[in-house]
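To start, the structure under review is shown below, and the notes come after it.
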Amino acid sequence: MLTSFADGTMFGERTGTNAPRVLGLHGWGRTHADLRSVLEGCDAISLDLPGFGASPEPDHGWTTEEYAAALDPVIDTMERPIVIVAHSFGGRVAVHVAARRPASVAGLVLCGVPLLHLQGRPSRPKLSFRFARSLNKVGIVSDAKIEQLRNKYGSDDYQNSSGVMRDVFVSAVNESYETVMAKVSCPVELVWGDRDTAAPPDIAVRSEMLLADARLTVVGDVDHFLPLTNPEPLREALDRRRRAARR
1 MLTSFADGTM FGERTGTNAP RVLGLHGWGR THADLRSVLE GCDAISLDLP GFGASPEPDH
61 GWTTEEYAAA LDPVIDTMER PIVIVAHSFG GRVAVHVAAR RPASVAGLVL CGVPLLHLQG
121 RPSRPKLSFR FARSLNKVGI VSDAKIEQLR NKYGSDDYQN SSGVMRDVFV SAVNESYETV
181 MAKVSCPVEL VWGDRDTAAP PDIAVRSEML LADARLTVVG DVDHFLPLTN PEPLREALDR
241 RRRAARR
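Heads up, the sequence shown is in my numbering, so the first residue is 1 and it goes up one at a time.
What follows is the structure in structure tokens.
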């Protein structure tokens, strides 16, 4: 059943009968429902992050750190320390929560989170777009034309977002989390599909090395949407963190 949180600024689902100790955060363009199988039987809250599902958009293009701060009213109602299980965009938010509230977080379980940029030379925009952008700077090409080109050449997630949420997306894809991960002191479970192209396994390997206490599990023949197609390894990692948190 859909429930409101933080004075109606967020919606989501609460499961279990006791005080919630697990927080679920979904990926970009998704909702709390993606984590339903992972959280089945847990005392948990799984949110629609602002701008997704039933939750209203933020008032401006938030950074992921601002998303993390917005979760404070929800976390403050939970039995702490909590375990956060997060997929993709939600994992970006989760590492900020763990870094800024170490006493409140007993562990993270992250799946398919693009915490680092891909190695090697980043892909450049098409030459025609770069040329148009240079002309825009001197007033020859209009802002409207540049927006048309962004819509043409941008990723599916970029094209499917607009307004404030497009600003959020642009901010998120340009972020990197080396500094934030260095501040994460809790244990972290990294559960990755070996066919994840949105956040390739190399990102998980490098993230494991940067985190103080991390364990990587790579699941064979699974893509970016592991929480939906193969939730069992994610649930096993979550159960390990829950047991450790109760000790």
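All C-beta atoms in this analysis are idealised placements derived from N, C-alpha and C, irrespective of residue type, glycine included.
- Just mark MET1 as buried or exposed, buried being the case when its beta carbon has 16 or more other beta carbons within 10 Å. Flag for MET1 reads exposed.
- beta strand (DSSP E) runs wholly inside the segment 64-107, at least 3 long, in chain order: Fully enclosed beta strand (DSSP E) runs of 3 or longer: 82-87.
- Query: Would DSSP call GLY41 helix, strand or coil?
  - Reply: Coil at GLY41, not helix or strand.
- Task: State the CB to CB distance for the pair VAL83 and VAL168, rounded to an integer number of angstroms; the pair is presumed to be in contact (CB under 8 Å).
- Result: No, VAL83 and VAL168 are not in contact; Cβ-Cβ is about 25 Å, not under 8 Å.
- Does any CB atom of chain D fall closer than 9 Å to the CB of THR63? Absent here is chain D; the protein component of the structure consists of one chain.
- Query: On the three-pair Cβ rule with 8 Å, is the segment 223-239 touching the segment 2-19?
  - Reply: Under the Cβ criterion (8 Å, minimum of three pairs), the segment 223-239 does not count as touching the segment 2-19.
- Could you pull out every residue in the same chain whose Cβ sits closer than 6 Å to the Cβ of ALA6, ignoring the five residues on either side in sequence? Counting only Cβ-Cβ distances below 6 Å, and skipping sequence neighbours, we find PRO73 and VAL74.
- Message: Which complete alpha helix (DSSP H) runs does the segment 158-241 hold, if anything under 4 residues is left out?
- Response: Listed in chain order, the complete alpha helix (DSSP H) runs (minimum 4 residues) inside the segment 158-241 are 163-173, 178-182, 201-210 and 226-229.
- Message: For the structure I just gave you, are there three or more beta carbon pairs, one from the segment 174-184 and one from the segment 86-101, closer than 8 Å?
- Response: The segment 174-184 vs the segment 86-101: in contact.
- Over the uninterrupted beta strand (DSSP E) stretch that includes PHE52, give me the two end residues. Taken as a continuous stretch (DSSP letters only), PHE52 belongs to no beta strand (DSSP E), as it is neither H nor E.
- Task: Alpha carbon to alpha carbon, how far is ARG30 from CYS111? Give it in angstroms, no decimals.
- Result: Looking at the two C-alpha atoms, the distance is approximately 14 Å.
- Query: Should the segment 204-222 be regarded as contacting the segment 48-55, the criterion being three or more beta carbon pairs within less than 8 Å?
  - Reply: Short answer: they don't touch.
- CB ALA70 to CB MET165, shorter than 9 Å? Remark: C-beta atoms of ALA70 and MET165 do not approach each other more closely than 9 Å.
- Hey, how far is the Cα of LYS137 from the Cα of GLY163? When rounded, the separation of the alpha-carbon atoms in LYS137 and GLY163 is 22 Å.
- Message: Using DSSP's beta-bridge definition, name the partner residues of GLU10.
- Response: Here residue 10 is Met; the residue named in the question, Glu, does not match the sequence. In the DSSP secondary-structure assignment, MET10 is bridged to PHE5.
- Beta-carbon proximity list for ARG246, same chain, < 7 Å, skipping 5 on both sides: Within its own chain, no residue has a Cβ closer than 7 Å to the Cβ of ARG246 once the five positions on either side in sequence are excluded.
- Item | Closest Cα partner of LEU47 within the set ASP59, THR63 and PHE89 | For LEU47, the closest C-alpha among the options ASP59, THR63 and PHE89 is that of PHE89.
- Query: Where does LEU110 sit, in a helix, a strand or coil, going by DSSP?
  - Reply: DSSP places LEU110 in strand when its eight states are reduced to three.
- Cβ-based neighbour list, SER37, same chain, cut-off 6 Å, excluding 5 preceding and 5 following: The answer, listed in chain order, is PRO231.
- Task: Would you kindly check if the distance between the Cβ of ASP221 and the Cβ of ASP196 is under 9 Å?
- Result: Their beta carbons are not under 9 Å apart, which means ASP196 does not touch ASP221 by this criterion.
- Give me the Cα-Cα distance between HIS60 and SER171, rounded to the nearest whole angstrom. C-alpha separation (whole angstroms): 11 Å.
- Query: If we count the other Cβ atoms within 10 Å of its Cβ and call it buried at 16 or more, is GLU13 buried or exposed?
  - Reply: GLU13 is buried by the Cβ-count criterion.
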